[in-house]
Amino acid sequence: MTGFESAGREKVREVLDWAVTGGGAPSVAVQIQDDNGTWFGSAGPADATTGARRVPGEQLHIASASKAYTAATVLRLAAEGRLSIDDTVAKWLPGAMAENGYDGTKVTIRQLLSNTSGLFATGMAMELQRRYNIRSAFAKHRFDVWPAEDVLKVAISEPPVHQPGEGFWYSNGGFAFAAAIVEKVTGNTFESEVDRAVVQPLGLPNTFARGREETGYRGRYPRLYSKVFLKEGARPEDVTPDNWPSMLEDPNLAPMDTTEVNTSWGWGAANVVAPLDELIVFVDAIITGSLLPEAQHREMWSTVSTKGAHWLANTRYGLGVFELTLADGQQLRGVAGASAGTNTLAMGTPDGRHTVAAHVANDSAFPIFDKIIEAEFGAPGLKLDI
Numbered sequence: 001m002t003g004f005e006s007a008g009r010e011k012v013r014e015v016l017d018w019a020v021t022g023g024g025a026p027s028v029a030v031q032i033q034d035d036n037g038t039w040f041g042s043a044g045p046a047d048a049t050t051g052a053r054r055v056p057g058e059q060l061h062i063a064s065a066s067k068a069y070t071a072a073t074v075l076r077l078a079a080e081g082r083l084s085i086d087d088t089v090a091k092w093l094p095g096a097m098a099e100n101g102y103d104g105t106k107v108t109i110r111q112l113l114s115n116t117s118g119l120f121a122t123g124m125a126m127e128l129q130r131r132y133n134i135r136s137a138f139a140k141h142r143f144d145v146w147p148a149e150d151v152l153k154v155a156i157s158e159p160p161v162h163q164p165g166e167g168f169w170y171s172n173g174g175f176a177f178a179a180a181i182v183e184k185v186t187g188n189t190f191e192s193e194v195d196r197a198v199v200q201p202l203g204l205p206n207t208f209a210r211g212r213e214e215t216g217y218r219g220r221y222p223r224l225y226s227k228v229f230l231k232e233g234a235r236p237e238d239v240t241p242d243n244w245p246s247m248l249e250d251p252n253l254a255p256m257d258t259t260e261v262n263t264s265w266g267w268g269a270a271n272v273v274a275p276l277d278e279l280i281v282f283v284d285a286i287i288t289g290s291l292l293p294e295a296q297h298r299e300m301w302s303t304v305s306t307k308g309a310h311w312l313a314n315t316r317y318g319l320g321v322f323e324l325t326l327a328d329g330q331q332l333r334g335v336a337g338a339s340a341g342t343n344t345l346a347m348g349t350p351d352g353r354h355t356v357a358a359h360v361a362n363d364s365a366f367p368i369f370d371k372i373i374e375a376e377f378g379a380p381g382l383k384l385d386i
């Protein structure tokens, strides 16, 4: 094992070693906070070329875990009386959600943040698939800067999956619209409002939401590696649930370094950078209610079932956050996110006294995360609902 590890937690250590020897991970890092203090462990090098070790405090692109920061920012504005989460999209962004069967007069901010707006799974939008899901295309487009207007257009580029409020369907687009509403309400950049609502109150010096043209980090970070791409020459529109395995590139190809990338395509859904220790501080604050007033804290954790939506099994979704029930009935609360070469998970007990944050530097991390959860909490439970 490589890294600056604390003593103890042999079961977690075994999982970390397995992750790099049998789980396909270039590297993995875990930080745990409980009544006994802080524990850190890692395996695999932070940089495959130099062999540099993974260390505490590395800045990480946390991908969709960013959604909770967006929700907290919106809820702060609600607490200040500057908006209501039951306002419609059209109230703040008239005409922005009025194509392909969408009606912004019927979609609320609450529905954007709870993934019940009816927006399709934005990550599957053909424009995003064409730019980022083929290796050569990713190399060409990885630093593309997405204007806000283009992000919103992609979010409604395919028809709704259901009417607003009729069910759960995971969509980055709702959080892009939420970010746009934050800017409209405040007159400030979304990134500066995340800083005001989350970063400054919690004292998180190494956490930030990337600006629209930002592609990297502001401190030490691990290299990220991806190898889940379509074959060269493949057309994303030809991929189906039945043929997708045959459309993937040769798994024996070397992974692609995806460390530096512009994440403006995801905006409020995926543009936060944070180290594991500060992610734990944030998750503990949203679990216990120390970040938001009581009314907004209750709203954040008012959850809906995700069953049947091909997301994570045994979960309920709140506003940018989710609850997970383990095989033995234990309940955890937290956030998760995945993007090209980066996977992040942070889950804790409802009392905020035991929290685990983990990062894997590649694409396929859920089996690793599930083993970490089982090793630390005594039962598995993290799996896809497919």
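Residues in the sequence shown are numbered from 1 upward in steps of one, following full-length UniProt numbering. Glycine included, every Cβ here is placed at the ideal spot set by N, Cα and C. Please read these numbers as outputs of a predicted model, since none were measured by experiment.
DSSP, read as helix, strand or coil, puts Gly348 in strand. Under the three-pair Cβ rule at 8 angstroms, the segment 202-218 does not count as touching the segment 159-172. Rounded to whole angstroms, the gap between the alpha carbons of Gly329 and Gly337 is 23 angstroms.
Close CB contacts of Arg353 within its chain, under the 8 angstroms cut and outside five residues either way in sequence, are with Asp34, Asp35 (chain order). Taking a contact to require three or more Cβ pairs closer than 8 angstroms, the segment 295-315 and the segment 246-264 do not qualify as touching.
Residues Thr207 of the same chain have their beta carbon placed closer than 6 angstroms to that of Val199, with the five preceding and five following residues left out of the count.
Taking a cut-off of 8 angstroms on C-beta distances, the segment 102-122 touches the segment 163-170, as three or more cross pairs fall below it. Secondary structure at Trp146: coil, using DSSP grouped into helix, strand and coil. Rounded to whole angstroms, the separation of the alpha carbons of Ala90 and Met97 is 7 angstroms. With fewer than 16 other beta carbons inside 10 angstroms of its own, Asn243 counts as exposed. The three-state secondary structure of Leu83, taken from DSSP, is coil. Beta bridge pairing from DSSP links Met256 with Ser226. DSSP places Val304 in the strand class (E or B) of the three-state scheme. Per DSSP, the unbroken beta strand (DSSP E) holding Val273 starts and ends at 272-274. When C-alpha distances from Gly174 are compared across Gln129, Trp265, Ser192, Met256, the shortest belongs to Trp265. Assignment of Thr215 by DSSP, reduced to helix, strand and coil, places it in the coil class.
Here DSSP, grouped into helix, strand and coil, assigns Pro159 to coil. Under a 10 Å Cβ-count criterion, Asp363 is classified as buried, with 16 or more other Cβ atoms of the shown protein chains found around its own Cβ. Ser114 is classed as buried because its beta carbon has at least 16 other beta carbons within 10 Å across all chains shown. The C-beta of Ser42 has 16 or more other C-beta atoms within 10 Å across all chains shown, which makes the residue buried.
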